[in-house]
Amino acid sequence: MQFKGRDIVSIKDFSREEIDYILKTAASMEQIAKQGSDMLHGKILATLFFEPSTRTRLSFESAMNKLGGTAIGFAEPKVAAIKKGENLADTIRVVENYADVMVLRHPLEGAARLAAEFAKVPVINAGSGAEEHPTQALLDLYTILKEKGTIDGLNITLMGDLRYGRTVHSLAYALSLYNVKLFLVSPELLRMRREVSDAIKQKITVVEASAVEDVLAETDVLYVTRIQEERFPDPTEYTKVSGTYKIDLKTLKDAKEDMIIMHPLPRVDEIDHEVDNTPHARYFQQVWNGIVTRTALLALILGAKK
Ligand code: NCD
Numbered sequence: 032m033q034f035k036g037r038d039i040v041s042i043k044d045f046s047r048e049e050i051d052y053i054l055k056t057a058a059s060m061e062q063i064a065k066q067g068s069d070m071l072h073g074k075i076l077a078t079l080f081f082e083p084s085t086r087t088r089l090s091f092e093s094a095m096n097k098l099g100g101t102a103i104g105f106a107e108p109k110v111a112a113i114k115k116g117e118n119l120a121d122t123i124r125v126v127e128n129y130a131d132v133m134v135l136r137h138p139l140e141g142a143a144r145l146a147a148e149f150a151k152v153p154v155i156n157a158g159s160g161a162e163e164h165p166t167q168a169l170l171d172l173y174t175i176l177k178e179k180g181t182i183d184g185l186n187i188t189l190m191g192d193l194r195y196g197r198t199v200h201s202l203a204y205a206l207s208l209y210n211v212k213l214f215l216v217s218p219e220l221l222r223m224r225r226e227v228s229d230a231i232k233q234k235i236t237v238v239e240a241s242a243v244e245d246v247l248a249e250t251d252v253l254y255v256t257r258i259q260e261e262r263f264p265d266p267t268e269y270t271k272v273s274g275t276y277k278i279d280l281k282t283l284k285d286a287k288e289d290m291i292i293m294h295p296l297p298r299v300d301e302i303d304h305e306v307d308n309t310p311h312a313r314y315f316q317q318v319w320n321g322i323v324t325r326t327a328l329l330a331l332i333l334g335a336k337k
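The numbering used here numbers the first residue of the sequence shown as 32 and each following residue consecutively.
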């Protein structure tokens, strides 16, 4: 298996064997992520964030620092040269001289693919519009595996904004490589985008539902997402769905005792804070697992780990 020099643009570029290998590598990095190492000493990561982010950017920067490398970049394109009208391809051809690997977040679908075509160094997609967020899917899988000991055999419910949420697109593609049953729960307006649901239905059993109560008793992993207000082409559509779903203690009364609840964060109002103290909540553990998974990805891509 060859990871050195690879781009991570879409989760669809990876086979089940490759994903399993990444998850195994992540497990072997837990200790290193805690204690630090000099594995990537002298290597530079550039973060190019054309959209707001807290955790994904800090998570990559922290992972790089933990491996002894350094991180440079911008999170506010308004103050970068982009403001002067520079196009993405030029930005990439400049930044590749400064860094050994680039992490890009961009509002346009296809942006990461374009960047990867221009860049001589590996490009990691940290979110391409509503399309994909492959490293989030990898850390989500890592969380499921760590918490449940398996991915195969589980019933997994993806709930919320399945149309504009990029994390659930990458996660659904990835889960379709495993032996899982997938429940998709969303308001009608926010149903899973066709391109994704058509593809995954070829591989696994997918059941669409409009109420989480209909599938909760069977669910092993409940993955909740916020409504992506900023991606709605028409604000009146947003007002129709805003506040239409919420997980609280009442919703959870029929849940399996060992069901876990995940969320890519940020949370708005879709999981009540009273759920945080139940044994189901795992969304803050996901944040740590993000660091661990990203140290594994950086070490593999930069050739420090085989
Ligand atoms: C997600 C994203 O940016 O797509 N956040 C993240 O990376 N953890 C989810 C979201 O913004 O709702």
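For each residue, glycine too, the CB sits at the ideal point set by N, CA and C.
Same chain, Cβ closer than 6 Å to residue i, five either side skipped, listed in chain order
i: Leu247; result: Asp285 and Ala286
i: Asp192; result: Leu221, Thr256, Ile258 and Gln259
i: Lys212; result: Asn186 and Thr236
i: Glu61; result: Val323
i: Gly67; result: Lys97
i: Val238; result: Phe214
i: Glu11; result: The structure shown does not extend to residue 11, since the chain is modelled only from 32 to 337, so the question has no answer here.
i: Tyr254; result: Leu189 and Met293
i: Arg225; result: none
Identity of the residues DSSP links to residue i by a beta bridge
i: Met290; result: DSSP lists no partner for Met290.
i: Ser207; result: None, per the DSSP bridge assignment.
i: Glu239; result: Leu215
i: Ala135; result: According to the sequence displayed, residue 135 carries Leu and not Ala. Partner(s): Leu79 and Asn156.
i: Met190; result: Val216 and Val255
i: Glu92; result: None, per the DSSP bridge assignment.
i: Thr174; result: According to DSSP, which records beta bridges pairwise, Thr174 is partnered with nothing at all.
i: Gly104; result: Thr78
i: Glu163; result: Ser159
i: Ala312; result: Ile292
i: Ile278; result: Ile302
Beta-carbon separation (whole angstroms), residue i vs residue j, contact threshold 8 Å
i: Ala64; j: Ile322; result: 5 Å
i: Ser207; j: Lys234; result: 4 Å
i: Gly184; j: Asn210; result: 6 Å
i: Val227; j: Thr188; result: Their Cβ separation, rounded to whole angstroms, is 16 Å, which puts Val227 and Thr188 out of contact at 8 Å.
i: Thr174; j: Met293; result: 6 Å
Cβ shell of residue i (< 7 Å), same chain only, five flanking positions each side left out
i: Val272; result: Pro218, Leu220, Leu221 and Ile258
i: Arg355; result: Since the first residue shown for the chain is 32 and the last is 337, residue 355 is missing from the structure and cannot be characterised.
i: Glu268; result: Leu220
i: Ile44; result: First, the amino acid is wrong: residue 44 is Asp here, not Ile. Excluding residues within five positions, none has a Cβ falling inside 7 Å.
Cβ neighbours of residue i in the same chain (closer than 8 Å, five flanking residues each side left out)
i: Glu305; result: Asp279 and Leu280
i: Met5; result: Outside the displayed span of the chain (32 to 337) sits residue 5, for which this structure offers no information.
i: Glu244; result: Thr282 and Asp285
i: Ser241; result: Val216, Ser217, Pro218 and Glu219
i: Ser84; result: Ala106, Arg136, Ala157 and Gly158
i: Gly36; result: Pro153, Ile332 and Gly334
Beta carbon proximity, residue i to chain C, threshold 7 Å
i: Lys177; result: Included in the structure is just one protein chain, with no chain C present.
For residue j and residue i, the rounded distance between their alpha carbons
i: Ile352; j: Asp131; result: Because the chain spans 32 through 337 in this model, residue 352 falls outside it and cannot be assessed.
i: Thr198; j: His164; result: 5 Å
i: Gly339; j: Lys337; result: With the chain covering 32 to 337 only, the question about residue 339 has no answer from this structure.
i: Ala203; j: Leu172; result: 11 Å
i: Ala120; j: Ala142; result: 10 Å
i: Met70; j: Val134; result: 19 Å
i: Leu139; j: Gln317; result: 26 Å
i: Gly99; j: Ala327; result: 13 Å
i: His200; j: Gly73; result: 35 Å
i: Gly160; j: His137; result: 6 Å
i: Thr270; j: Ala335; result: 48 Å
i: Ala157; j: Glu249; result: 32 Å
i: Arg262; j: Glu162; result: 11 Å
i: Phe34; j: Ala205; result: 18 Å
i: Ala106; j: Thr275; result: 32 Å
i: Val252; j: Ala312; result: 10 Å
i: Asp307; j: Pro266; result: 30 Å
i: Met223; j: Arg194; result: 5 Å
i: Gly104; j: Ile302; result: 33 Å
i: Ser46; j: Ile182; result: 15 Å
> Should the stretch 72-81 be regarded as contacting the stretch 132-150, the criterion being three or more beta carbon pairs within less than 8 Å?
Replying inline: Three or more beta-carbon pairs separated by less than 8 Å link the stretch 72-81 to the stretch 132-150, which places the two stretches in contact.
>> When you compare the stretch 327-337 with the stretch 287-298, are there three or more beta-carbon pairs, one atom per stretch, that lie closer than 8 Å?
In response: In short, these stretches do not touch, since the Cβ pair count stays below three.
>> Any contact between the stretch 297-312 and the stretch 32-48? By contact I mean 3 or more CB pairs, one from each, below 8 Å.
In response: Counting C-beta pairs with one atom in each stretch, the stretch 297-312 and the stretch 32-48 have fewer than three that are closer than 8 Å, which means they do not touch.
> Between the stretch 50-57 and the stretch 81-97, do at least 3 Cβ pairs fall closer than 8 Å?
Replying inline: Cβ pair count under 8 Å is below three, so no.
> Are at least three pairs of beta-carbons, each pair with one atom in the stretch 165-176 and one in the stretch 226-233, less than 8 Å apart?
Replying inline: Judged by Cβ distances under 8 Å, the stretch 165-176 makes no contact with the stretch 226-233, as fewer than three pairs qualify.
> Any chance the stretch 149-166 sits against the stretch 121-131, with 3 or more Cβ pairs inside 8 Å?
Replying inline: Contact between the stretch 149-166 and the stretch 121-131 is present: 3 or more CB-CB pairs across the two stretches fall below 8 Å.
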